[in-house]
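Count the sequence shown with mature numbering (1 follows the signal peptide of the UniProt record, and there is no 0) and you get residues -22 to -1, 1 to 180, in order.
Glycine is no exception: its CB is placed at the ideal position from the N, C-alpha and C atoms.
This one's a predicted model, so the numbers in the text were calculated from it and none came from an experiment.
Inspection log for the structure reproduced underneath, given as structure tokens.
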Amino acid sequence: MHSHLAAALSLAILCLTPVGRANSPSFSTNNDIHCPEGSYTSFVHNSYAYNAPLDEFTNITKSFFDFAWYTGGVPATNTTGTDNAPGATRSGTLAGGAYYETLTAYKLRSDVLEYSYHGEPYILAVPGQPIINFNGYAETMRFESICGGKATYIDIITYTCSNHQTLAYSGWYTFHESVFPGLAATLRATIMAGDCPQTENY
């Protein structure tokens, strides 16, 4: 896929993430999607490590309802239930399609933030680009304190069912490559290259 198409899709896909459960022993939900006949399954994995304490990230990312940090400033137009309680929903319009997402699992401690949600079918229609029909999607995000609280590890797993596997994968992956480094940049958090930073010589 051409790079300009991937970039366009990544900007449009934004908050999408549909049908499944998190393959984490701490979660009772399972995002491994079983796609309907005629659609394609995609599994997208992004991970990052930054030199900044966990709470600097979770102060921004801990709300299921308030996720404009993830969508480029576009808020949900409707929410139901209690924020951060499984079963809560958020919905709105994004990239020409209506989305509806349900929180399936949520955990927040001093050392970790982890949550998972499912999305209903969504049509991504970017002018001049192939239409992508998502039959469903699911996403799990994990923000974990590492290096004695000096750094943060971020892990994102996305599962999708769609009519175009290559475009769906490239769009999600490229989108995350924009969102999370961008979030770190707002915090002036540098990339953690290699092992934990040391303050003493051993």
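Beta strand (DSSP E) containing residue i: first to last residue?
| i | result |
| --- | --- |
| Ala27 | Tyr18 to Asn29 |
| Asp133 | Ala129 to Ser140 |
Give every residue of the same chain whose Cβ lies closer than 6 Å to the Cβ of residue i, excluding the five residues on either side of it in the sequence, and list them in chain order.
| i | result |
| --- | --- |
| Ser20 | Thr138, Gln143, Ala146 and Tyr147 |
| Thr136 | Thr(-6), Val22, Glu117 and Trp150 |
| Asn1 | Unreliable positioning characterises Asn1 in this predicted model, as indicated by a pLDDT of 39, which lies under 50. A coordinate reading is not provided. |
| Glu98 | Tyr78 |
Looking only at DSSP bridge pairs, what is residue i linked to?
| i | result |
| --- | --- |
| Tyr77 | Gly70 |
| Phe52 | Correcting the residue type first, residue 52 is Val in the shown sequence and not Phe. None; Val52 has no bridge partner. |
| Val90 | Glu122 |
| Leu102 | Ile110 |
| His96 | Thr80 and Ala116 |
| Lys40 | None; Lys40 has no bridge partner. |
| Thr60 | DSSP, once it has assigned bridges, lists no residue as partnering Thr60. |
When the Cα of residue i is compared with those of the options, which residue comes out closest?
| i | options | result |
| --- | --- | --- |
| Ser156 | Glu117, Gly59, Pro53 and Tyr48 | Tyr48 |
| Asn141 | Pro53, Phe112 and Phe35 | Phe112 |
| Gly127 | Tyr28, Gly16, Ala103 and His12 | Tyr28 |
| Ser88 | Glu34, Gly172 and Gly106 | Glu34 |
| Cys174 | Ser17, Thr130, Thr164 and Ser94 | Thr130 |
| Pro14 | Thr168, Gly114, Thr164 and Arg166 | Gly114 |
| Gly172 | Leu165, Ser17 and Tyr26 | Tyr26 |
| Val52 | Leu32, Pro31 and Gly74 | Gly74 |
| Leu165 | Gly16, Ser94 and Leu32 | Leu32 |
What residues in its chain sit with their C-beta under 7 Å from that of residue i, if we drop five residues either side in the sequence?
| i | result |
| --- | --- |
| Thr39 | Trp47, Leu91 and Phe121 |
| Ile110 | Leu102, Ser140, Asn141, His142, Leu145 and Ala146 |
| Met170 | Ala27, Tyr28, Asn29 and Ala129 |
| Leu(-18) | Because the pLDDT of Leu(-18) is 43, which lies under 50, any placement of that residue in the model is unreliable, and the question is left without a value. |
Less than 8 Å between C-beta atoms, sequence neighbours within five positions excluded: which residues of the same chain meet that for residue i?
| i | result |
| --- | --- |
| Ser41 | Asp61 and Asn62 |
| Ser4 | Note on Ser4: pLDDT 49, under 50, position unreliable in the model; no value is reported. |
| Ala76 | Ser69, Gly70 and Tyr100 |
| Ala66 | Phe42, Phe43, Thr57, Thr58, Gly59, Thr60, Thr80 and Leu81 |
| Leu161 | Phe35, Ile38, Thr39 and Trp47 |
| Met(-22) | At Met(-22), the pLDDT of 46 sits below 50, so the modelled position is not reliable; the number obtained from the coordinates is stated separately. Once the five neighbours on either side are set aside, the close Cβ partners of Met(-22) are Thr144, Leu145 and Ser148. |
| Pro108 | His142 and Leu145 |
| Tyr18 | Cys139, Ser140, Asn141, His142, Gln143 and Ala146 |
| Phe158 | Asn24, Tyr26, Ile132 and Ile134 |
What residue does the alpha helix (DSSP H) around residue i start on, and which one ends it?
| i | result |
| --- | --- |
| Phe171 | A small correction: the amino acid at residue 171 is Ala; Phe does not occupy that position in the sequence shown. It is not in any alpha helix (DSSP H) - Ala171 carries neither H nor E in the DSSP assignment. |
| His154 | Gln143 to Thr164 |
Our contact map puts residue i next to residue j with C-beta atoms below 8 Å; I'd like the distance itself, whole angstroms only.
| i | j | result |
| --- | --- | --- |
| Asn105 | Ala83 | This sequence places Pro at residue 105; Asn is not what is there. At roughly 36 Å, the Cβ-Cβ gap does not stay under 8 Å, so Pro105 and Ala83 are not in contact. |
| Asn24 | Ile134 | 5 Å |
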